[in-house]
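Engineer:
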Amino acid sequence: MDVMTINLRYRNAEDVDNHWKDRKHLVVNLINKYTPALIGTQEGYKDQLDDIASMAPGYAYLDPQKLVSVQRQCPTIFYRRDLFKPEKAGNFWLSETPGFADSKSWDTAYPRMVTHALFRIKETDQLFYFLNTHFDHKSAWARRESTFLLLSKIKEINYDDLPAILVGDFNMGCHTMEHELLTGKIEIGNVKGCFHNAWEKCGLIKEGAETYHGFTGVPKYEQMDWILATAHFRFLRVQKNEDNKDGKYPSDHFPVLAKFILPFTTSKKRPERK
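Just so we're aligned, residue 198 is where the sequence shown starts under this note's numbering, counting upward by one.
#1: If you reduce the DSSP assignment to three classes, tell me which class residue 281 lands in.
#2: Assign residue 425 to one of three DSSP states: helix, strand, or coil.
#3: Within this structure, are the beta carbons of residue 381 and residue 391 separated by less than 7 Å?
#4: DSSP puts residue 290 in a beta bridge; with which residues?
#5: Do you know how far the Cα of residue 365 is from the Cα of residue 447?
#6: Residue 368 by DSSP, collapsed to three states: which one?
#7: Go ahead and pull the three-state DSSP assignment for residue 269.
#8: For residue 372, is the classification buried or exposed, using 16 other Cβ atoms within 10 angstroms of its Cβ as the cut-off for buried?
#9: If you reduce the DSSP assignment to three classes, tell me which class residue 453 lands in.
#10: With DSSP as the reference, please indicate the residues paired to residue 318 in a beta bridge.
#11: Which stretch, first to last residue, makes up the beta strand (DSSP E) that contains residue 256?
#12: Examine the Cβ distances between the stretch 210-225 and the stretch 243-252 and report whether three or more of them are shorter than 8 Å.
#13: Which first and last residues belong to the beta strand (DSSP E) in which residue 235 is found?
#14: Taking Cβ to Cβ, would you say residue 261 is nearer than 7 Å to residue 331?
#15: Quickly, what does DSSP pair residue 330 with across the bridge? List them, please.
#16: I need the boundaries of the alpha helix (DSSP H) containing residue 223, first residue and last residue.
#17: Since residue 209 sits in a beta bridge, which residues does DSSP pair it with?
#18: Any chance the CB of residue 457 is under 6 Å from a heavy atom of the ligand NAD?
#19: Alpha carbon to alpha carbon, how far is residue 334 from residue 461?
#20: Does the Cβ-Cβ distance between residue 275 and residue 256 come in under 7 Å?
#21: Report buried or exposed for residue 254, applying the criterion of at least 16 other Cβ atoms within 10 angstroms of its Cβ.
#22: Could you spell out where the beta strand (DSSP E) holding residue 374 opens and where it closes?
#23: Quickly, what does DSSP pair residue 252 with across the bridge? List them, please.
#24: Kindly indicate which residue of 420, 351 and 342 has the alpha-carbon position closest to the one of residue 301.
#25: CB-CB under 6 Å to residue 292, same chain, minus the five flanking residues each way: which ones, in chain order?
#26: Taking the straight line between their C-alpha atoms, what separation do you get for residue 218 and residue 360?
#27: Between the stretch 408-424 and the stretch 441-457, can you find at least three pairs of beta-carbon atoms closer than 8 Å?
#28: Report the residue from 198, 349, 213 and 209 whose alpha carbon sits nearest the alpha carbon of residue 386.
#29: Based on the DSSP output, what are the partners of residue 385 in its beta bridges?
Encoded structure:
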């Protein structure tokens, strides 16, 4: 399966030369060209998400708690309806009160959240989780605490260790403690992730993988848009996509695309929770 993560850049009237109305066809052309099975978007308002859904009719997006609106930016999961059946979906907020909508903690600039879904592959009947998030850009404290909360919630949600894919704009590089914790390279207080970074598993160095470019096409900062997955998956390839039309880009972030295989040995039936 092919997976994409893309920060859409929210609809902002100040983006005079890169307004959403002038970019949406570039985003949809990208989706229709590569036809990813699953897409994690960040910063999308409802009108942006509806534009994508209407212009890429093979896709649907999940809004399990009816949180998507014209005022709230939500990390959103798009999926191909011909490939998957969503079994269930949910959200939680990256805060000390994750069950309360729009809650903030740890000096975040904005409320931050995670969207997750359990999918069934129609062809093989296999189950797996897909999670999408957007960490805070301002507060290092929030990124640290969000990592611990994310791993705790994943353990709670995915209690029987089904395959899982985690994507998002993490607003930090892969050299950070948070990345090391998510990918199981370190353990802190009995907390240790079980994900693998697609770049590493495909044998690619991270230099040159920077994903923010501010509509210039020139990479800046670090590789902050990640595609991670558990060891259930076979990693085939990953790429930073730099498609543009006459110097106009779909977003101020480069999308990242990865290809996986989920072997048939994976459990097809979720056991009952005891």
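Backbone N, C-alpha and C fix where the C-beta goes; we use that ideal spot for every residue, glycine too.
Structural biologist: With the given structure in hand:
#1: strand
#2: strand
#3: yes
#4: 310
#5: 17 Å
#6: coil
#7: coil
#8: exposed
#9: strand
#10: 281
#11: 256-258
#12: yes
#13: 235-241
#14: no
#15: 311 and 365
#16: 217-231
#17: For residue 209, which the question treats as bridged, DSSP gives no partner whatsoever.
#18: The ligand NAD is absent from the structure shown, which contains no ligand whatsoever.
#19: 39 Å
#20: yes
#21: exposed
#22: From DSSP, residue 374 is part of no beta strand (DSSP E) but of the alpha helix (DSSP H) over 374-379.
#23: Answer by DSSP bridge pairing: none, since residue 252 is not bridged.
#24: 342
#25: 300, 301 and 302
#26: 37 Å
#27: yes
#28: 349
#29: 388
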